[in-house]
Amino acid sequence: MGPIPHGKNKGVNELSLALGISKEGVDFESLDGKAVHILFMVADLADYSPKYLKLLSRISILVRNGEFREAILAASTPKEVLNIIKEYE
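Using the working numbering, you'd call the opening residue of the sequence shown number 4 and step up by one each time.
Structure, rendered in structure tokens:
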């Protein structure tokens, strides 16, 4: 598991999350040299936000769970992905 791309910017109006899934994998120059299959991106307001830190923490915990990662990669629709996230949350 590598770092979660995230950032804060004055141009961001609210805490935002994007999720990308690649069955083939993407070269993301990961620390272990392996392709990345699940990519969360987080953006938030430039000011301090406890919700931002909590979201990063929860994502970090979820992606360390092998069953969660396998379920996400096996999902075939966005709705199914959301249901998996809710189930593991």
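We put the beta carbon where it would ideally sit given N, CA and C, even for glycine. Treat the numbers as computed from the prediction; the structure is a model and nothing was measured.
CA-CA distance, L18 and A46?
Using only the alpha carbons, I get a separation of about 6 Å.
Cα-Cα separation, Y55 to K37
One Cα belongs to Y55, the other to K37, and the distance between them is close to 27 Å.
On the three-state DSSP scale, how would you describe V39?
Taken through DSSP and simplified to helix, strand or coil, V39 comes out as strand.
Output the distance between the C-alpha atoms of L59 and A49, rounded to the nearest integer angstrom.
When rounded, the distance between both Cα atoms is 15 Å.
Quick check on this structure: which residue in L42, N86, L20, F71 has the alpha carbon closest to the alpha carbon of E27?
Minimum Cα distance to E27 is reached at L42.
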